[in-house]
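Asker: Taken in sequence, the protein lines are chains C and P. Take any residue in the first sequence, count from 1 to its spot, add 889: that is its number in this note's numbering. Take any residue in the second sequence, count from 1 to its spot, add 889: that is its number in this note's numbering.
Number of protein chains: 2
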Amino acid sequence: MTAPSNKVSPPAVRRRRKNNPESVRADILAVATHEFSEKGLSGARIDEIAEKTRASKRMIYYYFKDKETLYLHTLEAAYQKVRLQEAELALDHLAPLEALCRLVRFTFCHHAKNPDFIRLVMIENIHHGRFLAQSELIQSLNAGVIDVLTNVYVRGVEEGCFREGLDPRELHWLISALSFFNVSNLHTFSRIFDWQQAAPENQQKLEDHVTEMVLRYVRADRPALTS
Amino acid sequence: MTAPSNKVSPPAVRRRRKNNPESVRADILAVATHEFSEKGLSGARIDEIAEKTRASKRMIYYYFKDKETLYLHTLEAAYQKVRLQEAELALDHLAPLEALCRLVRFTFCHHAKNPDFIRLVMIENIHHGRFLAQSELIQSLNAGVIDVLTNVYVRGVEEGCFREGLDPRELHWLISALSFFNVSNLHTFSRIFDWQQAAPENQQKLEDHVTEMVLRYVRADRPALTS
DNA sequence: ATAACAATGTACGAAATGGTACGTTCAGTC
DNA sequence: GACTGAACGTACCATTTCGTACATTGTTAT
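(1) Pair every Cβ in the segment 991 to 1011 of chain C with every Cβ in the segment 1004 to 1015 of chain P, then say whether three or more of these pairs are closer than 8 Å.
(2) Assuming the contact rule is C-beta atoms closer than 8 Å, I935(P) and Q1028(C) should be a hit. Round their C-beta distance to whole Å, please.
(3) For the alpha helix (DSSP H) that contains E1118(C), what are its first and last residues?
(4) In whole angstroms, what separates the C-alpha of A1087(C) from that of V1099(P)?
(5) Start and end of the alpha helix (DSSP H) containing L986(C)?
(6) Check each candidate in V993(C), M948(C) and G929(C) and name the one with the smallest Cα separation from L964(C).
(7) State the start and end residues of the unbroken alpha helix (DSSP H) segment that holds R943(C).
(8) Using 8 Å as the limit for Cβ to Cβ distance, is E975(C) near chain P?
(9) In the DSSP assignment, find the unbroken alpha helix (DSSP H) run with D1036(P) in it and report its ends.
(10) Enumerate in chain order the residues of its own chain whose CB-to-CB distance from S1116(C) is below 7 Å, with the five nearest sequence positions on each side excluded.
(11) Given that a residue counts as buried once 16 or more other Cβ atoms are within 10 Å of its Cβ, and exposed if not, what is V971(C)?
(12) Compute the distance between the beta-carbons of A1001(C) and V1107(C), then report whether it is under 8 Å.
(13) Got a sec? Which residues, its chain only, sit under 8 Å from W1084(P) by beta carbon, not counting five neighbours each side?
(14) Using the three-state DSSP reduction, which class does R1080(C) fall into: helix, strand or coil?
(15) What's the C-alpha gap between S898(C) and T942(C)?
(16) Please determine if the segment 1032 to 1046 of chain P and the segment 1059 to 1069 of chain P are in contact, where contact requires at least 3 C-beta pairs separated by less than 8 Å.
(17) Within the continuous alpha helix (DSSP H) that includes K1094(C), where are the two ends?
(18) How many angstroms separate the CA atom of S931(C) from the CA atom of M1102(P)?
(19) Going by the DSSP bridge assignment, what does F1051(C) pair with across the sheet?
(20) For the alpha helix (DSSP H) that N1071(C) lies in, which residues bound it at each end?
(21) For S1029(P), does the three-state DSSP call read helix, strand or coil?
(22) Is DSSP giving K970(C) helix, strand or coil here?
(23) State the DSSP-derived secondary structure class of G932(P), mapped to helix, strand or coil.
(24) With burial defined as no fewer than 16 other Cβ atoms inside 10 Å of the residue's Cβ, what is the status of G1018(C): buried or exposed?
(25) Please say whether V920(P) and M948(P) have beta carbons closer to each other than 8 Å?
(26) If L989(P) sits next to V1046(P), beta carbons under 8 Å apart, how far is it from one beta carbon to the other, in whole angstroms?
(27) Show which residues of chain P have a CB atom less than 7 Å away from the CB atom of R1105(C).
(28) Can you check whether the C-beta of K1094(C) is within less than 8 Å of a C-beta belonging to chain P?
(29) Going by CA-CA distance only, name the one from L959(C), A966(C), F995(C) and E987(C) that's closest to L978(C).
(30) Does T1077(C) have its Cβ less than 8 Å from a Cβ in chain P?
(31) For a test of the three-state rule: what should DSSP assign to D955(C), helix, strand or coil?
(32) Going by C-alpha distance, which of E1048(C), I917(C) and S1068(C) is nearest V993(C)?
(33) Give every residue of the same chain whose Cβ lies closer than 8 Å to the Cβ of A966(C), excluding the five residues on either side of it in the sequence, and list them in chain order.
(34) From the DSSP output, in three-state form, read off N909(C) for me.
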């Protein structure tokens, strides 16, 4: 009998189940993202993810087949979210120098604000990118990033404020490296050199350094003379 | 009787055991280094480490107490090895610009040649540097790195070829970031951007980029005029 | 030689952990 | 209202995995 027996609690409140597939799935994914990013693929525990979810362990296997598949979906979702945010940047109407400056600062801050994503990428690299390789989705998402940078760079070269001969892909590599390291190695670097790298004032300094560094690297050696 | 019984094999060759503590310990540590760097703390299996060793699982617990302690020793040994190699660099007799150039290239190449170390550091960061924090040894090892760089930088400023106002620690951060990322994110970057980052010609390009970038950042804006 | 301790091998235990069998409830359709 | 498939809960199984008990062999000091 599911009818409300007025006897007190033993089976407790006995709430009616509400089916809500989308929300359950999303909930699982959110919890999994945090667990995997925190402990890695092998370190994360399905039971623990289940506990932290409103759903049960059964549901994880219902929606995501097994642990590795869940991890893969987590990774895909993370990339999707990031690329979505990046797409909001509107650089076309800015002067090249200003645009590049903005792009670098955006990347730096964005990474800093999304450690979960960074950690997932670290973990994926520990796995030699083997899951990323399985995902056509992620591959397709990332073309755009280079396009944006290419656009800015080409305009800069045409206007004479950027020097020629640089490869946008390599430029993106440099920007990524500096922004990524800021998050990925924060703990070891802070501890080894006894430096509060996470402190706001130091983060600001690093952001400035990184921006300056990229600009100095790209800028034409001598300011363009107005022809 | 351990005397060579000439009867044939059943208990097989029945070789005399040779006690060799140091070698066993070193062997375990070497295998552990590779296993941990490949699969992380939670991903590595004590049984698998034992199999790949000439010793048995029992020996691992005999010399290293438990899994986490073994991991810590692995990390310490890795840092020790690295700092030892770094110490061989002799920059004092070089001109500042040349010395800095040399230092950057060395760091870049060194990281590239020691992926196991890089991966251990990545893994340690996934663990929020919690093991590194326990090790006084590692803390003490790392002061020297900054000293070397400080020396070069100060000389450069005095000679007028470097600009003032930079913090050697932050400079080291920049150099590390670029060199580290080259190894740590090789897999994801290569896959996402369909770029053979590991190919020798691209590695050479990146090394040049990184060196150039650091030099441009540090160099005085206008070449020093001989007073 | 022999005591005493260090070094090693073998087998096993207990808990953790990924995954599943099986049953129940919900929600839309006829 | 009966039927059906999707959505969900509970209990459980099999294996893996860290760690240890116990026995044995080598080594060195006396």
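By construction, the Cβ of each residue, glycine as well, lies at the ideal position given by its N, Cα and C atoms. Note that this is a predicted model, so its numbers are computed, not measured.
Answerer: To lay it out plainly:
(1) Using a C-beta cut-off of 8 Å, the segment 991 to 1011 of chain C makes contact with the segment 1004 to 1015 of chain P, since at least three inter-stretch Cβ pairs fall below that distance.
(2) So it is not a contact: roughly 37 Å between Cβ atoms.
(3) Shown here, chain C extends from 890 to 1116; a query on residue 1118(C) therefore has no answer.
(4) V1099(P) has its alpha-carbon roughly 24 Å from the corresponding atom of A1087(C).
(5) P985 to K1002
(6) G929(C)
(7) In this chain, R943(C) is not harboured by any alpha helix (DSSP H), its DSSP state being neither H nor E.
(8) no
(9) A1032 to E1048
(10) Model confidence at S1116(C) stands at a pLDDT of 43, short of 50, so the residue's coordinates are unreliable; what they give is reported in the following sentence. Excluding residues within five positions, none has a Cβ falling inside 7 Å.
(11) buried
(12) no
(13) Cβ within range, chain order: F1078 and N1091.
(14) Helix, per DSSP.
(15) Any reading at S898(C) must be qualified, since the residue scores a pLDDT of 28, below 50, and its modelled position is unreliable; the value itself is stated next. For S898(C) and T942(C), the gap between their C-alpha atoms comes out near 24 Å.
(16) yes
(17) P1089 to V1107
(18) 38 Å
(19) The partner list for F1051(C) (beta bridge, DSSP) reads R1108(C).
(20) P1057 to S1073
(21) In the three-state scheme derived from DSSP, where H, G and I count as helix and E and B as strand, S1029(P) is classed as helix.
(22) helix
(23) helix
(24) buried
(25) no
(26) Contact flag wrong, Cβ pair sits at about 12 Å.
(27) R1105 and Y1106
(28) yes
(29) F995(C)
(30) Answer yes: the Cβ-Cβ gap between T1077(C) and chain P drops below 8 Å somewhere.
(31) Assigned with DSSP and collapsed to three states, D955(C) falls in coil, not helix or strand.
(32) Of the candidates E1048(C), I917(C) and S1068(C), the residue whose Cα lies closest to the Cα of V993(C) is S1068(C).
(33) L918 and T922
(34) coil
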